[in-house]
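This report concerns only the one structure given below.
Structural data, given as structure tokens:
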């Protein structure tokens, strides 16, 4: 069965199926497979081709002339600030009814 004979609409009429059956089992299978393909083409978006990599690109490597970003700026805080923040967190989580002794809290919270 050629593509020009396969209907492009949604419905296959009973008379169409009877006529195709008279032509043979292979014709019916071809018609039904074509209908399935038509339905899939309507609901699945076409696959977009993958863009080609830039020239000279090595997989998994940073592009030539660039480097990975450095550590975030908040990581460059002094150790004393980190210790005070940890101490404050522990005080508020484990002893919420006690005054905080982290050194960063206002005096009314100590």
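In full-length UniProt numbering, the protein residues as written are 1 to 110. Quick reminder that beta carbons are idealized off the backbone N, C-alpha and C, glycines included.
query: Can you tell me the Cβ-Cβ gap for residue 51 and residue 63, rounded? I've got them flagged as a contact below 8 Å.; result: The Cβ separation is near 14 Å, so there is no contact.
query: On the criterion of 16 or more Cβ atoms from any shown chain inside 10 Å, does residue 31 qualify as buried, or is it exposed?; result: buried
query: For residue 80, does the three-state DSSP call read helix, strand or coil?; result: helix
query: For the alpha helix (DSSP H) holding residue 103, just list the boundary residues, first then last.; result: Counting along the chain, residue 103 falls outside any alpha helix (DSSP H), and DSSP gives it neither H nor E.
query: Just tell me which of 94, 95, 88 and 93 has its CA closest to the CA of residue 106.; result: 88
query: Throw me the rounded Cβ distance for the residue 98 and residue 104 pair, which I believe falls under 8 Å.; result: Their Cβ separation, rounded to whole angstroms, is 16 Å, which puts residue 98 and residue 104 out of contact at 8 Å.
query: Since residue 102 and residue 84 are thought to touch, with beta carbons under 8 Å apart, how far apart are those beta carbons, to the nearest angstrom?; result: 5 Å
query: I need the boundaries of the alpha helix (DSSP H) containing residue 27, first residue and last residue.; result: 25–43
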